[in-house]
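Here this note's numbering is used: the sequence shown runs in plain steps of one and ends on residue 178.
C-beta atoms are modelled at their ideal positions from N, C-alpha and C, and glycine is treated no differently.
This report refers to the structure that appears directly beneath it.
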Amino acid sequence: MKRARASKRNDALLYAQRAAMGLVAALLLAAGFWSSWSTAQHVILSKGREHGTLTVTGCSTDVCTGRYAPDDPATPRDRVTIEKSVAVDKGAVLSVVLKPGTAEAVRTGPAGTLHAWLPLAGALVLAALVIGGGLRMTRTAWAAGAVGGVLLVGTFFAL
20 MKRARASKRN DALLYAQRAA MGLVAALLLA AGFWSSWSTA QHVILSKGRE HGTLTVTGCS
80 TDVCTGRYAP DDPATPRDRV TIEKSVAVDK GAVLSVVLKP GTAEAVRTGP AGTLHAWLPL
140 AGALVLAALV IGGGLRMTRT AWAAGAVGGV LLVGTFFAL
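Laid out in structure tokens, this is it:
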């Protein structure tokens, strides 16, 4: 009788642990997606947005500024900002799309797409540790870690 109760208690603790680890993994992935989507939406859903090139004229610690030349008949701008990444140097010419109603640019093309999904890549790598260690789902963990790693390495080489 006591063994049956102990077994049920252990099963309940196991289910609670798995639920908690699943919640942590889901939270990591949701946060990574949400963080990525704020930039990625402008790259992926760029139809109808203002496209052009940005010539970087200077960079501070977190943003770079430059002159914007539109592809279509829109007005050029002298000061447009873009988030600074390791690959942006003074004088670089980047293909960009402007966020609607702002003077903020987002890099387009394969490099911009990969850079936009960088937070999700990091979240996949972190979630892989939780999935493998906490949920004991090793194949799923390896798959999530591999996808995150490929995104990270791809972004490194694309930028």
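Inter-residue Cα distance where the pair is residue i and residue j
i, j, result
"serine 65", "phenylalanine 176", "23 Å"
"valine 149", "threonine 157", "10 Å"
"histidine 70", "aspartate 81", "23 Å"
"valine 107", "valine 75", "8 Å"
"leucine 48", "glycine 173", "19 Å"
"serine 26", "glutamine 36", "15 Å"
"glycine 168", "phenylalanine 52", "16 Å"
"leucine 117", "lysine 103", "15 Å"
"leucine 33", "leucine 143", "24 Å"
"asparagine 29", "tryptophan 161", "28 Å"
"isoleucine 63", "serine 114", "14 Å"
"alanine 50", "arginine 24", "39 Å"
"arginine 96", "leucine 133", "26 Å"
"leucine 170", "proline 129", "11 Å"
"glycine 131", "glycine 152", "33 Å"
"arginine 68", "cysteine 78", "25 Å"
"tryptophan 56", "alanine 122", "19 Å"
"threonine 127", "aspartate 91", "16 Å"
"threonine 159", "histidine 61", "30 Å"
Run of the alpha helix (DSSP H) containing residue i, from where it starts to where it stops
i, result
"threonine 132", "128-135"
"valine 172", "157-177"
Paired residues, beta bridge with residue i - DSSP
i, result
"glutamate 123", "Thr100"
"serine 79", "Serine 79 is not bridged to any residue."
"valine 138", "It should be noted that the sequence gives proline, not valine, for residue 138. Proline 138 pairs with nothing; no bridge assigned."
"threonine 74", "Arg86, Val112"
Whole-Å CB distance - residue i paired with residue j, under 8 Å assumed
i, j, result
"alanine 146", "alanine 163", "6 Å"
"leucine 73", "alanine 124", "5 Å"
"serine 54", "proline 138", "4 Å"
"threonine 58", "alanine 135", "4 Å"
"threonine 84", "threonine 94", "17 Å between Cβ atoms; not a contact."
N-terminal and C-terminal residue of the beta strand (DSSP E) that residue i is part of
i, result
"serine 65", "No beta strand (DSSP E) contains serine 65, which DSSP labels as neither H nor E."
"valine 115", "112-117"
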